[in-house]
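So for the sequence shown, my numbering puts the first residue at 31; every next one is plus one.
Have a look at the structure below before the remarks.
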Amino acid sequence: MDLTGKRVFLTGGNRGLGRAIMEALLSEGARVYFCSLQAEKGKSLEAELQDRHGSSSVFFRQCDVSDADQLKKTFDDAVSKLGWVDICINNAGIMDERKMEDTIAVNAVAQIRGSQLALDHMRRDRGGRGGVIINVVSETGFKPVYWVPVYTASKHAVLGFTTSWAKNPRMSEMGVRWRCVCVGSVDTDMIHPTEEGQMVDQSTFVIPFALLIEMSEYVAAFLKMLRDQAHDDVIFEIQNGTGGRFRKRQIVDSDGVSNPVTVD
């Protein structure tokens, strides 16, 4: 896929993975509409990026993605500003085990709702132009992680939702492709909890430095996944040193005793 001129809707673009992807897409010639909860920071970033890429290349709107009405109005505004949406990236997420309802609402319900808004807009069998829906999950989407059970549950939900829609036999008629980006640990604020209780057994949490993914590696793999239109697979895994790869996602626990493993 040539990204030049593509119109992108992105949630959670103020920082971290979302901001890195947005800046890369703008550099590739895409136009991006992004939203985030932090209004002041978002407006400042919008002005900065408009200075760099042009006033019609990037737009921001404050949005609480867990609010169904706000999310719909924000997506509709993106369509109004961009003309249409080719690529929807549901990226916004939180990780705080103390906030079970918020975690499920942002990480699961909002991504599902954002996907459905994008699908209704894109599907060719109802007058749309087709497109790609990308849900940014985590490697926790296909394995258990005891430090963050609620967060892990939210990611399992989105992975199941995305792969289920992708199996729809009418998807080629709809002209929509689905992707789930399952990324390992990138060195962002999310993996550095600052308050007690954000994780279970927080004192034991450690990620070996050698497993951390550089932001540049994440961005390069994400763009590689976007450009690849040949794969039918939905899950795109990004781990340190792999450059990203498509996976089948099968959880195998053959003897009922061993830890389950992910295989193709």
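Yeah, the Cβ is synthetic: ideal placement off N, Cα and C, and Gly gets one too.
Which of helix, strand or coil DSSP assigns to residue i
i    : result
Q92  : strand
E127 : coil
L242 : coil
E267 : strand
S184 : helix
R61  : strand
S215 : coil
N198 : coil
V206 : strand
G274 : coil
G72  : helix
Test item: CB-CB of residue i and residue j under 8 Å
i    : j    : result
G205 : K185 : no
V249 : W208 : no
T34  : C65  : no
G158 : M152 : yes
Selected residue, minimal CA-CA separation from residue i, among the options
i    : options               : result
A54  : C210, C65, A251       : A251
D132 : L149, W114, V166, V95 : V95
H83  : G59, I51, N137, M31   : G59
C212 : S66, V166, M125, R91  : V166
K173 : E267, L56, E70        : E267
F39  : A77, V109, L242, K254 : V109
Own chain, CB closer than 8 Å to residue i, minus 5 neighbours either side, in chain order
i    : result
I142 : A187, V188, F191
S86  : R61
R49  : G43, L75
E203 : R154, D155
First through last residue of the alpha helix (DSSP H) which encompasses residue i
i    : result
G84  : No alpha helix (DSSP H) contains G84, which DSSP labels as neither H nor E.
R143 : 140-152
K102 : 98-112
First through last residue of the beta strand (DSSP E) which encompasses residue i
i    : result
T170 : Here T170 belongs to no beta strand (DSSP E), and DSSP marks it neither H nor E.
V38  : 37-41
G49  : As written in the sequence, residue 49 is Arg, which differs from the Gly given in the question. Careful: R49 lies outside any beta strand (DSSP E), inside the alpha helix (DSSP H) at 46-57.
Cβ neighbours of residue i in the same chain (closer than 6 Å, five flanking residues each side left out)
i   : result
L67 : D94
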